[in-house]
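Protein chains: 2
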Amino acid sequence: MSIHARPTLEDVAARAGVSRATASRVLNASPRVSPEALEAVNAAVTALGYQPNRAARALVTRRTGAVAVLFSEPEPKIFDDPHFARLIRAGARALADVDVQMVLMLVHSHDDQMRAHRFLAGGHVDGALVFAPHRNDELVSIVKKLPLPVVYAGKPWGSLRGMHLVDNDNEGGAVLATEHLKSLGRRKIVHVSGPVDELSAIDRMNGFKSALGLDDRAAARLMEDGGFTREGGRKAMSALLGRVPGLDAVFVASDLMAAGALESLQEAGRRVPEDVAVVGFDDHVAIAEHTSPPLTSVRQDSDEQVKHMVEHLVKLLRDETVKSKKQMLPTVLVRRESA
Amino acid sequence: MSIHARPTLEDVAARAGVSRATASRVLNASPRVSPEALEAVNAAVTALGYQPNRAARALVTRRTGAVAVLFSEPEPKIFDDPHFARLIRAGARALADVDVQMVLMLVHSHDDQMRAHRFLAGGHVDGALVFAPHRNDELVSIVKKLPLPVVYAGKPWGSLRGMHLVDNDNEGGAVLATEHLKSLGRRKIVHVSGPVDELSAIDRMNGFKSALGLDDRAAARLMEDGGFTREGGRKAMSALLGRVPGLDAVFVASDLMAAGALESLQEAGRRVPEDVAVVGFDDHVAIAEHTSPPLTSVRQDSDEQVKHMVEHLVKLLRDETVKSKKQMLPTVLVRRESA
DNA sequence: CTTAGCGGATCAAAGGTTTTCATCGAGGAG
DNA sequence: CTCCTCGATGAAAACCTTTGATCCGCTAAG
Numbered sequence: 218m219s220i221h222a223r224p225t226l227e228d229v230a231a232r233a234g235v236s237r238a239t240a241s242r243v244l245n246a247s248p249r250v251s252p253e254a255l256e257a258v259n260a261a262v263t264a265l266g267y268q269p270n271r272a273a274r275a276l277v278t279r280r281t282g283a284v285a286v287l288f289s290e291p292e293p294k295i296f297d298d299p300h301f302a303r304l305i306r307a308g309a310r311a312l313a314d315v316d317v318q319m320v321l322m323l324v325h326s327h328d329d330q331m332r333a334h335r336f337l338a339g340g341h342v343d344g345a346l347v348f349a350p351h352r353n354d355e356l357v358s359i360v361k362k363l364p365l366p367v368v369y370a371g372k373p374w375g376s377l378r379g380m381h382l383v384d385n386d387n388e389g390g391a392v393l394a395t396e397h398l399k400s401l402g403r404r405k406i407v408h409v410s411g412p413v414d415e416l417s418a419i420d421r422m423n424g425f426k427s428a429l430g431l432d433d434r435a436a437a438r439l440m441e442d443g444g445f446t447r448e449g450g451r452k453a454m455s456a457l458l459g460r461v462p463g464l465d466a467v468f469v470a471s472d473l474m475a476a477g478a479l480e481s482l483q484e485a486g487r488r489v490p491e492d493v494a495v496v497g498f499d500d501h502v503a504i505a506e507h508t509s510p511p512l513t514s515v516r517q518d519s520d521e522q523v524k525h526m527v528e529h530l531v532k533l534l535r536d537e538t539v540k541s542k543k544q545m546l547p548t549v550l551v552r553r554e555s556a
Numbered sequence: 218m219s220i221h222a223r224p225t226l227e228d229v230a231a232r233a234g235v236s237r238a239t240a241s242r243v244l245n246a247s248p249r250v251s252p253e254a255l256e257a258v259n260a261a262v263t264a265l266g267y268q269p270n271r272a273a274r275a276l277v278t279r280r281t282g283a284v285a286v287l288f289s290e291p292e293p294k295i296f297d298d299p300h301f302a303r304l305i306r307a308g309a310r311a312l313a314d315v316d317v318q319m320v321l322m323l324v325h326s327h328d329d330q331m332r333a334h335r336f337l338a339g340g341h342v343d344g345a346l347v348f349a350p351h352r353n354d355e356l357v358s359i360v361k362k363l364p365l366p367v368v369y370a371g372k373p374w375g376s377l378r379g380m381h382l383v384d385n386d387n388e389g390g391a392v393l394a395t396e397h398l399k400s401l402g403r404r405k406i407v408h409v410s411g412p413v414d415e416l417s418a419i420d421r422m423n424g425f426k427s428a429l430g431l432d433d434r435a436a437a438r439l440m441e442d443g444g445f446t447r448e449g450g451r452k453a454m455s456a457l458l459g460r461v462p463g464l465d466a467v468f469v470a471s472d473l474m475a476a477g478a479l480e481s482l483q484e485a486g487r488r489v490p491e492d493v494a495v496v497g498f499d500d501h502v503a504i505a506e507h508t509s510p511p512l513t514s515v516r517q518d519s520d521e522q523v524k525h526m527v528e529h530l531v532k533l534l535r536d537e538t539v540k541s542k543k544q545m546l547p548t549v550l551v552r553r554e555s556a
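Keeping their order, the protein sequence lines are chains A and B. The numbering used here applies: residue 218 is where the first sequence begins, and numbers increase by one. The numbering used here applies: residue 218 is where the second sequence begins, and numbers increase by one.
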């Protein structure tokens with residue numbers, strides 16, 4: 218071993234006075250190794266500052282020690298949405314904790330999809346975490362075909378057979394929000410929903426409907442799509458104000474839209490919460506605490522969600538035979554001043 | 218090759234009727250190969266859906282085809298700050314375009330630093346992009362010691378000798394902002410600054426000072442640290458209102474702080490821009506367009522910055538001999554209603 | 001006295017690619 | 001006709017690790 222080259226297992230073994238195989242066993246915590254050998258090897262490792270060569274290891278074990286984290290989102294949304302940063306951060310932490318690398322891919326264009334396919338099919342990662350909430354997302358069908366352990370965030374569109382996913386209880390959260398408004402004595406409650414090509418939005422709609430015992434026709438008049446954007450929230454609120462006279466409460470399917478809705482209400486001269494009570498969804502602190510008034514919201518714990526996803530994926534990577542599993546995470550109402 | 222196993226170069230070579238060596242040459246676009254061989258190999262590749270094994274390749278070339286992207290930030294800020302998501306997104310895109318993997322690491326705790334060190338020293342990536350704006354950041358000293366091509370975002374604290382970085386023209390932007398306020402006829406201009414442990418904040422302070430031709434003592438009375446947070450911006454503004462009677466304009470070193478400052482001004486009953494003109498920094502759309510009134514701000518193009526960083530790193534990876542180089546990106550003033 | 005068993009170390013093969021070096025054949029110069 | 005040159009190709013080494021098979025020295029059982 219030259220001065221500058223990184224030490225190899227061979228060097229470690231030589232210094233410890235054992236064979237390469239034994240040194241390897243020490244590193245992999247095999248039980249079949251004597252205490253003396255163990256100590257000698259460990260000493261050599263620290264003395265030399267040895268780092269296993271990942272490529273060599275991957276070559277023989279057929280494991281890379283890396284997982285891909287895929288986001289499929291229309292461009293503009295992804296970087297306005299604070300949620301995104303949060304998910305990434307949670308993912309980075311959870312993966313670091315189990316010492317696996319996070320390879321991040323944002324797939325948007327068709328080219329990106331091809332690239333992702335090549336990459337995943339190429340066996341460059343051991344598994345993947347997929348965030349793809351939209352209807353008929355090409356990415357999902359691509360990933361689904363691959364013989365690769367995958368855990369989805371939320372329900373991807375289409376058949377769920379054999380898939381692994383961790384979802385928030387969107388419907389339950391929506392019921393929570395709506396029941397809360399009812400318990401405040403509100404009688405005319407409306408809903409600013411997310412786009413109908415996202416299942417989370419649909420689940421929230423369903424929660425709203427069922428909490429009020431509405432059939433589809435009755436519900437339709439009380440709901441308006443805000444597209445999960447601030448501006449959309451504002452417009453949807455305006456539309457509802459025009460269409461539903463006497464409305465006294467609104468459940469908005471995201472905090473960002475709720476911020477828009479509050480603006481709209483203010484313009485219309487309605488006081489919150491006196492005239493109209495508002496409940497959001499996400500409990501995104503950076504938003505919810507800075508609206509006026511501060512926003513009552515349904516908390517979904519993204520950190521927890523991602524942590525569960527990682528745990529599940531790790532399990533999949535270990536024993537090959539975990540059967541399809543869906544996890545549902547609870548949501549809770551956080552009261553502030555808007556309702 | 219069995220049915221299910223991924224095809225290897227050997228399989229490709231066999232099918233094309235050439236040797237492994239020749240097949241490899243084709244894949245690496247070596248000139249020393251006959252047209253027929255080239256065609257045969259390419260045909261075999263597509264027929265088999267061959268994907269080079271990255272681990273095997275890395276083992277021999279000592280290149281991984283991946284770079285690390287490191288963020289060093291105190292936890293809370295990183296996921297409040299929309300800037301973060303933007304940088305990541307830009308990085309993902311730019312790296313994907315040159316077909317290198319992005320390994321994301323958020324380093325915060327001491328453990329994280331150790332992990333990052335191990336990882337980088339272990340030769341698991343070819344280079345790194347580092348975002349570490351704070352004074353005496355441990356991460357920078359760690360990375361600096363490594364024999365690894367690194368490009369920094371902005372100036373890291375300490376000696377810049379031999380370092381590669383892409384910075385925004387913070388000082389120039391600050392001059393722009395201040396000159397603009399002067400040109401509006403404002404006479405008593407103050408500054409809400411960022412924390413003095415970030416060089417970008419200091420550069421902006423310097424721009425402010427030099428545009429007004431102030432010495433340090435005179436300047437000190439007109440500046441207040443807002444810590445790059447919304448709440449800090451609000452407090453700093455209040456302090457300045459108390460200390461500098463008759464102030465008629467303020468240059469705030471970030472949009473987030475400016476949002477806080479606007480709240481403070483409103484509370485104090487000052488009209489913007491009539492009584493006090495306000496200019497922010499960052500031009501973060503999600504903020505600047507939604508304050509009231511909408512915020513005039515200095516734009517720094519993060520996408521561009523990251524793109525340059527990636528380009529520079531790629532260059533470093535190719536020819537080993539790019540001499541130390543600092544790039545400075547221009548800033549521009551975006552006029553809205555607050556000034 | 002033979003042999004099975006056991007803890008533990010070692011040998012050697014395997015994993016897929018790049019790259020150096022040697023070889024081979026064809027064509028040009030002498 | 002021989003000798004060289006040159007371009008294309010192939011054989012084999014090297015990269016570093018894991019792991020199944022093997023081996024060694026001993027004890028305990030038959």
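Glycine included, C-beta positions come from ideal geometry on N, C-alpha and C.
Q) My guess is that Val409 of chain B and Val469 of chain B are in contact by the Cβ rule of under 8 angstroms, so how many angstroms apart are they, rounded? A) Translated into positions along the second sequence, residue 409 of chain B becomes position 192. Translated into positions along the second sequence, residue 469 of chain B becomes position 252. The pair is a contact, with the Cβ atoms about 4 angstroms apart (cut-off 8 angstroms).
Q: Let me know the alpha helix (DSSP H) ranges lying completely inside the stretch 408-482 of chain A, each 4 residues or longer, listed in chain order.
A: Listed in chain order, they are 416-429, 433-439, 447-460.
**Q.** Where the stretch 298-317 of chain B meets chain A: residues whose CB sits under 8 angstroms from a CB there
**A.** The stretch 298-317 of chain B vs chain A, Cβ under 8 angstroms: Asp298, Pro299, Phe301, Ala302, Arg303, Ile305, Arg306, Ala309, Arg310, Ala313, Asp316.
Q: Note the first and the last residue of the continuous alpha helix (DSSP H) segment covering Val258 of chain A.
A: Taking the first sequence and counting its residues from 1, one reaches residue 258 of chain A at position 41. Per DSSP, Val258 of chain A belongs to the alpha helix (DSSP H) from 252-265.
(Q) Does the contact criterion of 3 or more C-beta pairs under 8 angstroms hold for the stretch 516-534 of chain A versus the stretch 301-321 of chain A? (A) Counting C-beta pairs closer than 8 angstroms gives three or more between the stretch 516-534 of chain A and the stretch 301-321 of chain A, which meets the contact rule.
Q. If you measure from the beta carbon of Met331 of chain A to each beta carbon in chain B, is any gap under 9 angstroms?
A. Here residue 331 of chain A is taken as the residue at index 114 of the first sequence, counted from 1. Cβ-Cβ to chain B under 9 angstroms: no for Met331 of chain A.
Q | Cβ shell of Arg553 of chain B (< 6 angstroms), same chain only, five flanking positions each side left out | A | Taking the second sequence and counting its residues from 1, one reaches residue 553 of chain B at position 336. Sequence-distant partners of Arg553 of chain B (beyond 5 residues in either direction) whose C-beta falls short of 6 angstroms from its own C-beta, in its chain, are Pro511, Leu512, Thr513.
Q) Does the Cβ of Asp384 of chain A have 16 or more other Cβ atoms within 10 Å, making it buried, or fewer, making it exposed? A) On the first sequence, residue 384 of chain A is found 167 positions in, with the first residue counted as 1. Classification of Asp384 of chain A: buried, given that the 10 Å Cβ count is 16 or more.
(Q) Taking contact to mean 3 or more Cβ pairs, one atom from each stretch, closer than 8 angstroms, check whether the stretch 413-430 of chain B and the stretch 383-398 of chain B are in contact. (A) Contact between the stretch 413-430 of chain B and the stretch 383-398 of chain B is present: 3 or more CB-CB pairs across the two stretches fall below 8 angstroms.
Q: Express the C-alpha separation of His300 of chain A and Glu448 of chain B in angstroms, rounding to a whole number.
A: As a working mapping, residue 448 of chain B is identified with position 231 in the second sequence. As a working mapping, residue 300 of chain A is identified with position 83 in the first sequence. His300 of chain A has its alpha-carbon roughly 21 angstroms from the corresponding atom of Glu448 of chain B.
**Q.** Three-state secondary structure assigned by DSSP to Asn245 of chain B
**A.** Within the second sequence, numbered from 1, the residue matching residue 245 of chain B stands at position 28. Note: Asn245 of chain B maps to coil in three-state DSSP.
**Q.** Lys542 of chain B burial status per 10 Å Cβ neighbour count (16 or more: buried)
**A.** If you number the second sequence from 1, residue 542 of chain B lands on position 325. Exposed, because fewer than 16 other Cβ atoms sit within 10 Å of the Cβ of Lys542 of chain B.
Q | Rounded distance between the beta-carbons of Val317 of chain A and Gly282 of chain A, thought under 8 angstroms | A | For the purposes of this step, residue 282 of chain A is taken as the residue at position 65 of the first sequence. For the purposes of this step, residue 317 of chain A is taken as the residue at position 100 of the first sequence. Rounded, the Cβ-Cβ distance is 6 angstroms, consistent with contact.
**Q.** His501 of chain A: first and last residue of the uninterrupted alpha helix (DSSP H) it sits in
**A.** Numbered from its first residue, the first sequence carries residue 501 of chain A at position 284. For His501 of chain A, there is no enclosing alpha helix (DSSP H), as DSSP marks it with neither H nor E.
Q) Closer than 8 angstroms, Cβ to any Cβ of chain A: which residues of the stretch 437-452 of chain B, in chain order? A) Taken in chain order, the members of the stretch 437-452 of chain B whose beta-carbon sits within less than 8 angstroms of a beta-carbon on chain A are Arg447.
Q.
I'd like to confirm the pairing. Which residues does DSSP put opposite Gly344 of chain B in its beta bridges?
A. Numbered from its first residue, the second sequence carries residue 344 of chain B at position 127. Per DSSP, B:Val284.
Q. Which first and last residues belong to the beta strand (DSSP E) in which Leu550 of chain B is found?
A. On the second sequence, position 333 is the one that residue 550 of chain B refers to. Residues 549-551.
Q) What are the partner residues of Ala370 of chain B, as DSSP defines its beta bridges? A) Reading the second sequence from its first residue, position 153 is the one you call residue 370 of chain B. Ala370 of chain B is bridged to B:Val383.
Q) In terms of residues, what are the limits of the alpha helix (DSSP H) holding Lys532 of chain A? A) Your numbering for residue 532 of chain A matches position 315 in the first sequence. In the DSSP annotation of this structure, the continuous segment of the alpha helix (DSSP H) that includes Lys532 of chain A starts and ends at 519-535.
Q. Any Cβ of chain A within less than 9 angstroms of the Cβ of Val320 of chain B?
A. On the second sequence, residue 320 of chain B is found 103 positions in, with the first residue counted as 1. With 9 angstroms as the cut-off, Val320 of chain B counts as an interface residue toward chain A.
**Q.** Members of the stretch 223-248 of chain B near chain A, C-beta cut-off 7 angstroms
**A.** Of all residues in the stretch 223-248 of chain B, Arg223 have a Cβ within less than 7 angstroms of some Cβ in chain A.
Q) Between which two residues does the alpha helix (DSSP H) carrying Lys362 of chain A extend? A) The sequence position of residue 362 of chain A within the first sequence is 145, counting from 1. It spans 355-362 - the alpha helix (DSSP H) in which Lys362 of chain A sits, taken as one unbroken run.
Q) Span of the beta strand (DSSP E) holding Val324 of chain A? A) Here residue 324 of chain A is taken as the residue at index 107 of the first sequence, counted from 1. Unbroken beta strand (DSSP E) run through Val324 of chain A: 318-324.
Q: Indicate the three-state DSSP secondary structure (helix, strand or coil) for Val392 of chain A in the structure shown.
A: Counted from its first residue, the first sequence places residue 392 of chain A at position 175. Note: Val392 of chain A maps to helix in three-state DSSP.
Q. My guess is that Ala285 of chain A and Val324 of chain A are in contact by the Cβ rule of under 8 angstroms, so how many angstroms apart are they, rounded?
A. Walking along the first sequence from the start, residue 285 of chain A turns up at place 68. Walking along the first sequence from the start, residue 324 of chain A turns up at place 107. Actually they are not in contact, since the Cβ atoms of Ala285 of chain A and Val324 of chain A sit about 10 angstroms apart, beyond 8 angstroms.
Q: Could you name the residues of chain A that Gly339 of chain B contacts, counting a contact when the two beta carbons are closer than 9 angstroms?
A: Within the second sequence, the letter at position 122 stands for residue 339 of chain B. Here the neighbours are Arg223, Gln268, Pro269, Asn270, Arg271.
Q.
Quick check on Leu519 of chain A: buried or exposed, where buried means 16 or more other Cβ atoms within 10 Å of its Cβ?
A. Walking along the first sequence from the start, residue 519 of chain A turns up at place 302. According to the sequence shown, residue 519 of chain A is Ser rather than Leu. That one is buried.
Q.
Please identify the residue among B:Leu255, B:Leu226, B:Arg237 whose C-alpha is closest to the C-alpha of Pro269 of chain B.
A. The count along the second sequence starts at 1 and reaches residue 269 of chain B at position 52. Nearest of B:Leu255, B:Leu226, B:Arg237 to Pro269 of chain B, Cα basis: B:Leu226.
**Q.** Of the residues B:Val277, B:Val243, B:Leu276, the one placed nearest Tyr267 of chain B, counting alpha carbons only
**A.** Here residue 267 of chain B refers to the residue found at position 50 of the second sequence. Shortest Cα-Cα distance from Tyr267 of chain B to any of B:Val277, B:Val243, B:Leu276 involves B:Val243.
Q | Cβ pair Leu482 of chain A, Asp492 of chain A closer than 9 angstroms | A | The residue labelled residue 482 of chain A in the question sits at position 265 within the first sequence. The residue labelled residue 492 of chain A in the question sits at position 275 within the first sequence. For the 9 angstroms CB-CB criterion, Leu482 of chain A and Asp492 of chain A form a contact.
Q: Name, going along the chain, the residues of the stretch 512-524 of chain A whose beta-carbon falls closer than 7 angstroms to a beta-carbon of chain B.
A: Cβ contacts with chain B come from no residue of the stretch 512-524 of chain A.
Q) Which value, in whole angstroms, describes the spacing of the CA atoms of Arg438 of chain B and Arg451 of chain B? A) Your numbering for residue 438 of chain B matches position 221 in the second sequence. Your numbering for residue 451 of chain B matches position 234 in the second sequence. As the crow flies, the alpha-carbon of Arg438 of chain B is around 17 angstroms from that of Arg451 of chain B.
Q) DSSP on Leu546 of chain A, reduced to helix/strand/coil? A) By one-based count along the first sequence, residue 546 of chain A stands at place 329. Three-state result, Leu546 of chain A: strand.
**Q.** Own chain partners of Asp414 of chain B with C-beta closer than 6 angstroms, once the 5 adjacent residues on each side are dropped
**A.** For this step, residue 414 of chain B is matched to residue 197 along the second sequence. These residues qualify, in order along the chain: His351, Arg352.
Q: Using a Cβ cut-off of 8 angstroms, pull out every chain A residue sitting near Leu530 of chain B, in sequence order please.
A: Locating residue 530 of chain B in the second sequence gives position 313, where the first residue counts as 1. What Leu530 of chain B touches in chain A: nothing, since even the nearest Cβ is about 16 angstroms away.
Q | Counted within 10 angstroms of its Cβ, other Cβ atoms place Arg232 of chain B as buried (16 or more) or exposed | A | Residue 232 of chain B sits at position 15 when you count from the first residue of the second sequence. Buried.
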